[in-house]
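Taking full-length UniProt numbering, I'd label the letters of the sequence shown as residues 1 to 320. Glycine included, each C-beta is placed from N, C-alpha and C at the ideal position.
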Amino acid sequence: MAGMKLLLLTLYEYSPLFHIVVVSLCFLLTAAIVLGWFGFDVPVMLLSSDETEPVTPTPERPMVQETNPFSLALGSGPASVSDGVSLKLGCLGPCVLSCFWGCEVSALQRALHNHQQNLKLTCPQHFLEALHLHFHYHQMFRISRGDEHECHTCIPHDQSITDFGPLPRKHYPLVAVLTLAETEARNLYNIVASVIVIHIPDDIYRLSARILFQYLLTSQGDVHELKPLFMSAETSGPPDLERSCQPEETQMEGDPLREETDWSEHIGRNCVVCQNAAVNRVLLPCRHACVCDSCMLHFQHCPICRAFVMESFALRATRT
């Protein structure tokens, strides 16, 4: 005992490393206690075994799976107001593509609002009546059922339209509307129309062509905005609905999932936290799909962007 005291005394008097180690250890322990007291995330190595349960579980948003019979992506080749744009389409049944060049922003928003007010927009004629000529040019294509189709739409040169005015604009460059061509087919799917707002570069605003918004209209009068999920590069998850040209299963707000999606069975085992379990949670509002069910219980901030997690939903139903 006396020898131990002599050793500690010698280290205390002659070794500056002893001071550094003691001060650092005290600082780490104090910081862990303070952070844990105020509810901040504490490194797992500093947590005790009785602190594994979350203090406040993240609410889960109920979702419903629906089959989206439409898909649209930008085609190959350049896109401009003068030369037009190519669109790649995929449909589960015969459908109609209606292209509205220079559609007024307010007219489109009124049309979507009318759909929610029980004035259903289910066919091209309904959209023509709802927009009420508040567009520069209209073009229509009939698409057969099957694999990918590519259509080229453009404004006739005799209309001499080279731009859609200065910013902020009152007209969308292009609004593409997909509807089912057969009345019987509209009873097979809950989604009856897809409205895609596309930016096309012109003489004033030369930003490259891209999809700005995509809305799904249901037979019950609901309007859902389709948004992409953000996944890690090594995750083999669902295709990006804005780029894919094949119709996909779509998850929307509503009742709990009715069944699992086909792609959910192929999600890789690459949770960004444990690096072991499959990614199965989408965090809201940042829409990062990056954690498994178990790791979700221990986080209130997104591991990718550190945004506060308000809600989450599962990519696939949990088996019990």
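Since residue i sits in a beta bridge, which residues does DSSP pair it with?
| i | result |
| --- | --- |
| Gln214 | Ile196 |
| Ala176 | Cys99 and Ile196 |
| Val81 | Bridge partners of Val81: none, in fact. |
| Cys151 | Leu87 |
| Arg146 | Reading off the sequence, residue 146 comes out as Gly, not Arg. Per DSSP, Cys91. |
| Ala289 | Met231 and Val282 |
| Ile191 | Thr218 |
Quick check on residue i: does DSSP put it in helix, strand or coil?
| i | result |
| --- | --- |
| Met310 | coil |
| Thr30 | helix |
| His134 | coil |
| Ala185 | helix |
In terms of residues, what are the limits of the alpha helix (DSSP H) holding residue i?
| i | result |
| --- | --- |
| Cys295 | Asp293 to Met296 |
| Ser106 | Val105 to Gln116 |
| Ala130 | Pro124 to Leu131 |
Does the separation of the CB atoms of residue i and residue j fall below 8 angstroms?
| i | j | result |
| --- | --- | --- |
| Leu87 | Leu72 | yes |
| Phe100 | Val175 | yes |
| Pro173 | Asp202 | yes |
| Phe141 | Leu97 | yes |
| Cys290 | Ile304 | yes |
| Leu297 | Pro62 | no |
| Cys103 | Phe70 | no |
| Val177 | Arg186 | no |
| Glu94 | Glu182 | Checking the displayed sequence, the identity of residue 94 turns out to be Pro instead of Glu. Cβ distance < 8 angstroms, so Pro94 and Glu182 count as in contact. |
| Cys292 | Cys271 | yes |
| Gly84 | His152 | yes |
| Thr122 | Thr179 | yes |
| Pro166 | Ile204 | yes |
| Asp163 | Val105 | no |
| Ala111 | Leu131 | yes |
State the Cα-Cα distance for the pair residue i and residue j, rounded to the nearest angstrom.
| i | j | result |
| --- | --- | --- |
| Ala79 | Gln220 | 35 angstroms |
| Ser312 | Arg281 | 6 angstroms |
| Ala209 | Thr67 | 27 angstroms |
| residue 322 | Ala277 | Outside the shown range of the chain (1 to 320) lies residue 322, about which nothing can therefore be said. |
| Ser264 | Leu28 | Since pLDDT at Ser264 reaches only 44, below the 50 mark, its modelled position is unreliable, and the value read off the structure follows with that caveat. Whole-angstrom Cα-Cα distance: 41 angstroms. |
| His115 | Ile200 | 26 angstroms |
| Leu92 | Glu129 | 26 angstroms |
| Ile161 | Tyr189 | 38 angstroms |
| Ala307 | Pro124 | 41 angstroms |
| Ala317 | Phe230 | 20 angstroms |
| Ile143 | Val273 | 45 angstroms |
| Val195 | Leu216 | 6 angstroms |
| Gly77 | Leu226 | 25 angstroms |
For the beta strand (DSSP E) containing residue i, name the first residue and the last one.
| i | result |
| --- | --- |
| Tyr137 | Tyr137 to Ile143 |
| Gln65 | Met63 to Thr67 |
| residue 330 | Because the chain here runs from 1 to 320, residue 330 falls outside it and cannot be looked at. |
| Arg281 | Arg281 to Leu284 |
| Thr224 | Looking at the sequence shown, residue 224 is not Thr but His. His224 -> beta strand (DSSP E) spans Val223 to Glu225. |
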